[in-house]
Structures are given as structure tokens and as C-alpha cells.
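Below: one structure, written as C-alpha cells.
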Amino acid sequence: MHQPRTLVDKIFLVVKGLFMGAANKVPGVSGGIVAFVGGFYEEFIYSLQKINAKAFKLLLNGRFKSFYKYINGTFLVLLITGMLISYFSISRLLDYFLDRKELFVWAAFFGMVLGSIYYISKDFEHWNKKTIIAGLIGLFVGVSISFLSPAKENDNLIFIFFCGIISVSGMTLPGLSGSFILILLGNYVLLLVDSVNSLYDTFAEFINGDFSFYKNKARMQTLTILVVFTLGSATGLVTLSHLLGYVLKHYKKITTAVIIGFITGSLGVLWPWKKSIFKTDFLGNVLLDTNGNQIILNYRRYWPNITSMETWGAIFFIIFGIFILLSLDWYGKNRTQKKQVRTGR
3 MHQPRTLVDK IFLVVKGLFM GAANKVPGVS GGIVAFVGGF YEEFIYSLQK
53 INAKAFKLLL NGRFKSFYKY INGTFLVLLI TGMLISYFSI SRLLDYFLDR
103 KELFVWAAFF GMVLGSIYYI SKDFEHWNKK TIIAGLIGLF VGVSISFLSP
153 AKENDNLIFI FFCGIISVSG MTLPGLSGSF ILILLGNYVL LLVDSVNSLY
203 DTFAEFINGD FSFYKNKARM QTLTILVVFT LGSATGLVTL SHLLGYVLKH
253 YKKITTAVII GFITGSLGVL WPWKKSIFKT DFLGNVLLDT NGNQIILNYR
303 RYWPNITSME TWGAIFFIIF GIFILLSLDW YGKNRTQKKQ VRTGR
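Numbering (my numbering), first residue to last: 3 to 347.
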């Protein structure tokens, strides 16, 4: 039975969805980390688990209120609303800063992930032979992923559906960046840049009373790709949530250890000091997306120049990122204490 949410709780849930959506778009950052640190990871997984045969039976029988309550609808609707808003607002803002202040953006995320490692591991008191091995496996896999080379773009619809299933791993598995996996699969630009921009442009034209987009073959193909990708993502969310729900229920300590290791390994992807490898044509000219931004394929990492002011600026943002996570920790503890005082516990 879920506790009733206050208006403040609902607003914060939308805000968490905003951050989760933004994190999912940035290569190397996992939306699952936001869920884990935000304290709603297990509710998110178990709510998705409720989208099952019983839920569809309630829906088909017209019992909409029972269906909504069964799947924890308020929670999912508010969270997904935040994510959708993010894709058309915060994610575009992130694109802007990644284009102009890339080092500082990566530094802030690097600090936030460092802080999240502390946040998750500080209360984990179950280190033993099994959990240490599990943590090391998670670390090895996380580090290994950061050294893989990207494939070429592939717009085959079956492959796009598969990309959708894989991409949501970042929402359900803390530390595994769905957007970085899309880079490795070669379809990050197609699915998280071109497709989203096409949808945004279509909505803008629709609102302005321009319905000519359906005559644009390239636009319709991109929108078709987005629909198939979305279906794959929805399928992945439901199937992965059932698997993770089972794992969390029966192997919670080992799963947490793997997540800690995996997030630590993902720091290799987030290392701030890296040079972008851009998508080019056969003549070597850098290609641009529909917004005129250079299309990033992957990154080449290097050690910073400690005497550079830019390096110290990046270090400041790493500390700032850590501070954000420590502030969340403080906020969570303070809020819990206030609830306990109100309830007399």
C-alpha cells in the first residue's frame, strides 16, 4: 500500500523525473543513479512490475480506476511527465552547455557520480566474500564498457526496437548509461538527437497550424523510427523491471554491491578531460545535427594540465557536483527526522 503524496511530494516527483530524463540523455550518466539516490528506485521498479497481465485485464474490463491504482499510476504519471518535459527543455539546455562549456558539464556530472557512490555505499554494511566479488564484477564490466568502440548508424526498424530495449537500461540499472550504450550501438545521434528534434519541430509546426510535415518523407521516416524506438523502450522497461524486481527481492545485497561497482566503473566514461570525436563525412568534414551542433561519436581521454585555470575550474565543478549529492543526503535525513517527529516515532 503506497502512502498518499502531498502536493510538495508530487512537485518533487516531477522534478526528479526532470533530472532522470536529463541524466538519461547525457552519455555516461545513468538515470537509474538519480532514482537510486532520490530514494525512489525500488518503487519505480516495483511500479513497472505492476504492468502485467492483471493490469491489462483491469484495463480491458473498463476498470480504469482500479488499473490506475494497481500500477501506482500517480507515481508513474508524475515521474514520466518530468522525463518528457526534460527531453524538450533541460536536455536542450544540456546540449547548449555541452557545446560551449563541455569540460565543466562533464566535471559536474563526474562529481555527482562520485557523490552518488558515497551516498549508496555509506550505509551498505554487508561486505563479505560474495558481495566483494559481485562489486568487482560490476567494476570490471563498468570499466570495460568505457573502452568499447562505437558501431555505425543503423536505421533498420528491428534494430531500432532492440536499441529501445537496451537504452532504458540506464533508467533501470544505476551506473549503466543508456545513451552511452546507444553511442556504442551507433544510433545515439539518430535516436536521441535527430528523432527528438524532429518530434519537437513537428509539434511546433502542428501548434502553428502547419500540417505539411506528413508530406516530408524524411521527417515521417524519422518519426516512424522514434515510434519504434519508444515501443522498444516501453517493452524494455516492463521486462527489465520484472527481472530486476525478482533480483532485488531475492539478492538485494549482491545487487547493491554490483551497482556500487558498476557506478564506480562508469567514472571512466564520465572522465571530464576528454576530447570529442566528431562524426564526419568521407571528406573529413564534421557533420552537424538539425540544430547546427557538431555530432559527437565518442571521446578520447587525457590527463589534465594542473597549472591551467580551466583545470581548476573543472575541479571546482567536481566539488560542486559532490556537494549537490551531499545536500540531497542531508535533505533526505532532515525530512525523515521531521516525519518521525510528526508521527511521534
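C-beta: ideal position from N, C-alpha, C; glycine also.
| Is N63 buried or exposed, if buried means 16 or more other CB atoms sit within 10 Å of its CB? | What you label residue 63 is simply residue 61 of the sequence shown in a count that begins at 1. The residue in question, N63, is exposed, as its Cβ has fewer than 16 Cβ neighbours within 10 Å.
| Per DSSP, the bridge partner or partners of V143 | Taking the sequence shown and counting its residues from 1, the one referred to as residue 143 is at position 141. Beta-bridge partners of V143 (DSSP): none assigned.
| task | Give a yes or no on whether the C-beta atoms belonging to G323 and F182 are separated by under 8 Å. | result | Counted from its first residue, the sequence shown places residue 323 at position 321. Counted from its first residue, the sequence shown places residue 182 at position 180. In this structure, G323 keeps its C-beta atom at 8 Å or more from the C-beta atom of F182.
| task | May I have the straight-line CA-CA distance separating I122 from L15, to the nearest angstrom? | result | Here residue 122 refers to the residue found at position 120 of the sequence shown. Here residue 15 refers to the residue found at position 13 of the sequence shown. In this structure, the CA atom of I122 is about 20 Å from the CA atom of L15.
| task | Would you list the one or two residues that DSSP bridges to R102? | result | On the sequence shown, position 100 is the one that residue 102 refers to. In DSSP, R102 forms no bridge with anything.
| field | Endpoints, the alpha helix (DSSP H) within which H128 is located | value | Looking up residue 128 in the sequence shown gives position 126. It is not in any alpha helix (DSSP H) - H128 carries neither H nor E in the DSSP assignment.
| field | 3-residue-minimum beta strand (DSSP E) runs that sit fully inside the region 32–78, ordered along the chain | value | Runs of beta strand (DSSP E) with 3 or more residues, each lying fully within the region 32–78, are absent.
| field | Status (buried if at least 16 other CB within 10 Å, exposed otherwise) for V10 | value | Reading the sequence shown from its first residue, position 8 is the one you call residue 10. Result: exposed.
| W305 CB to nearest heavy atom of the ligand GDP below 7 Å | The ligand GDP is not among the ligands present in this structure, which contains no ligands whatsoever.
| According to the neighbour-count rule (16 or more other Cβ atoms, all chains shown, within 10 Å of its Cβ), is M311 buried or exposed? | The residue labelled residue 311 in the question sits at position 309 within the sequence shown. The residue in question, M311, is exposed, as its Cβ has fewer than 16 Cβ neighbours within 10 Å.
| query | Any idea what DSSP makes of V288, helix, strand or coil? | reply | As a first step, residue 288 must be located in the sequence shown, where it is residue number 286. In the structure shown, V288 sits in a strand (DSSP, three-state: E or B).
| message | Whole angstroms are fine: how far does the CA of V79 sit from the CA of I256? | response | As a position in the sequence shown, residue 256 is number 254, starting the count at 1. As a position in the sequence shown, residue 79 is number 77, starting the count at 1. So the two alpha carbons sit approximately 31 Å from each other.
| request: Would you kindly report the start and end of the unbroken alpha helix (DSSP H) that includes F164? | output: Here residue 164 corresponds to residue number 162 of the sequence shown, with the count starting at 1. Run containing F164: 159–169, per the alpha helix (DSSP H) assignment.
| task | Work out the CA separation of L285 and W129 for me, nearest whole Å. | result | The residue given as residue 129 occupies position 127 in the sequence shown. The residue given as residue 285 occupies position 283 in the sequence shown. One C-alpha to the other measures close to 54 Å.
| task | Mind the definition here: the region 162–181 touches the region 230–242 only if three or more C-beta pairs lie below 8 Å; say whether that holds. | result | Cβ pair count under 8 Å is three or more, so yes.
| request: Inspect the CB distances between the region 141–156 and the region 215–232 and report whether three or more fall short of 8 Å. | output: No, because fewer than three Cβ pairs between the region 141–156 and the region 215–232 fall closer than 8 Å, the two stretches do not touch.
| R303 bridges to which residues according to DSSP? | As a working note, residue 303 is residue 301 in the sequence shown. Looking at the DSSP assignment, R303 forms a beta bridge with K276.
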